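Beneath this line is the structure, given in structure tokens, with notes to follow.
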Amino acid sequence: MGISRLLEKALLVGVFFMPAIWVSGAQAFCPAPASLPVAQVQRVVDGDTLRLSDGRSVRMIGLNTPETGKKGQSAEPFAEAAKRRLQALVDESGGQIGLRVGQQGKDHYGRTLANVYDRKGANLEVQLLSEGLGYLVAVAPNVALVDCQQVAERAARQAQLGVWRDPPVQPSTRLSKSGFAIVSGQVKSVQPPRDAEPVRSIDTAFWPVVWRWVAGCSRFRHLSVKSNPVPIDSSGWPVLLGLCILRILGGPSVPQ
Numbered sequence: 247m248g249i250s251r252l253l254e255k256a257l258l259v260g261v262f263f264m265p266a267i268w269v270s271g272a273q274a275f276c277p278a279p280a281s282l283p284v285a286q287v288q289r290v291v292d293g294d295t296l297r298l299s300d301g302r303s304v305r306m307i308g309l310n311t312p313e314t315g316k317k318g319q320s321a322e323p324f325a326e327a328a329k330r331r332l333q334a335l336v337d338e339s340g341g342q343i344g345l346r347v348g349q350q351g352k353d354h355y356g357r358t359l360a361n362v363y364d365r366k367g368a369n370l371e372v373q374l375l376s377e378g379l380g381y382l383v384a385v386a387p388n389v390a391l392v393d394c395q396q397v398a399e400r401a402a403r404q405a406q407l408g409v410w411r412d413p414p415v416q417p418s419t420r421l422s423k424s425g426f427a428i429v430s431g432q433v434k435s436v437q438p439p440r441d442a443e444p445v446r447s448i449d450t451a452f453w454p455v456v457w458r459w460v461a462g463c464s465r466f467r468h469l470s471v472k473s474n475p476v477p478i479d480s481s482g483w484p485v486l487l488g489l490c491i492l493r494i495l496g497g498p499s500v501p502q
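So that you can map any letter, position 243 of the sequence shown is 489 in my numbering, and since no number is skipped, the others follow by simple counting.
Listed below in structure tokens is the structure:
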């Protein structure tokens with residue numbers, strides 16, 4: 247069964263489709279490549295970041311977990327649970343992980359961007375997403391696993407696990423700070439923040455994935471695919487459309 251067919255079946259079956267089956271299906275479409283470089287984990291920084299024994303920091307592609315408490319601030323709900331779960335997955339893998347480095351290999355902090363696998367070839371982002379311990383964040387060009395990650399997140403959302411226990415969606419008009427947020431609203435225009443670096447277009451291979459998400463959302467059907475797709479920079483600004491809601495990855499709120 248192809249990934250598109252799996253998604254169609256998911257829409258029909260909904261909450262009665264057991265999470266374990268979702269995860270199995272998602273993992274089937276996120277297989278580890280035949281040969282992956284293996285790295286030793288020194289420590290788990292948080293739910294989506296690892297420090298390796300060779301000194302590299304790895305930011306897991308496609309996964310955004312709640313923020314742990316820093317500089318005297320309280321941790322966000324499920325932040326510590328995500329960190330503990332990632333630690334357990336790393337421990338189960340003997341502290342060794344396989345890395346599939348993204349097309350964009352580093353972020354602006356110098357961290358290595360990679361999909362992470364355990365010794366058995368299971369994708370750790372999919373595992374955490376399926377348990378509701380983080381959100382899917384698809385940022386071109388690192389979108390090789392976006393379909394199976396979407397299946398995993400939908401499983402948690404349908405089962406109201408973790409971060410989806412209480413709906414995290416908020417009206418775009420209530421955004422009060424930059425950072426990751428999931429908001430509802432209509433897109434009237436898309437623009438980068440004033441201090442952003444020059445933007446580039448979404449990779450043309452990724453645009454159909456974004457459009458497939460949009461097509462099923464009635465409030466977004468006024469949008470059309472044009473020759474110049476939605477602009478987006480390497481940090482994920484300004485907006486990606488998914489699951490009939492908007493995902494804002496920093497900067498000002500959606501223009502109203």
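Glycine included, every Cβ here is placed at the ideal spot set by N, Cα and C. All figures in this text were calculated on a predicted structure; none of them were measured in a lab.
Using a C-beta cut-off of 8 Å, the region 281-289 makes no contact with the region 397-407, since fewer than three inter-stretch Cβ pairs fall below that distance. The continuous alpha helix (DSSP H) containing V372 extends over residues L370 to S376.
Assignment of G315 by DSSP, reduced to helix, strand and coil, places it in the coil class. DSSP, reduced to helix, strand and coil, places G308 outside both helices and strands of the structure shown, so it counts as coil. Burial is judged here by how many other beta carbons sit within 10 angstroms of a residue's own beta carbon; S299 has fewer than 16 and is exposed.
Judged by their CB atoms, Y381 and T311 are nearer to each other than the 9 Å cut-off. Going by beta carbons, E371 and L309 fall inside the 9 Å limit.
L298 is bridged by DSSP to V287.
The alpha-carbon separation between L296 and G315 amounts to approximately 17 Å. Per the Cβ contact rule, the region 357-367 is in contact with the region 326-340 (3 or more Cβ pairs under 8 Å). At a Cβ-Cβ threshold of 9 Å, A401 and V392 do not count as neighbours.
By the 16-neighbour rule on beta-carbons within 10 angstroms, K329 is buried. R365: not part of any alpha helix (DSSP H); DSSP gives it neither H nor E. Per the coordinates, the alpha-carbon of E313 lies some 30 Å from the alpha-carbon of P279. Scanning R411, L332, Q342 and R305 for the CA closest to the CA of Q350 turns up R305. Per DSSP, reduced to three states, the secondary structure at D412 is coil, with no helix or strand assignment. Under the DSSP definition of a beta bridge, A360 partners with M306 and V347. When the Cα atoms are used, L359 and I307 turn out to be separated by approximately 6 Å. Following the DSSP letters along the chain, one finds A405 inside the alpha helix (DSSP H) bounded by residues V392 to A405. Comparing alpha carbon positions, the residue from L374, V389, Q396 and G344 closest to F324 is L374. In the three-state scheme derived from DSSP, where H, G and I count as helix and E and B as strand, L335 is classed as helix.
Straight-line spacing of the CA atoms in V389 and A368 works out to 17 Å. At least 9 Å separates the beta-carbon of V290 from that of Q342.
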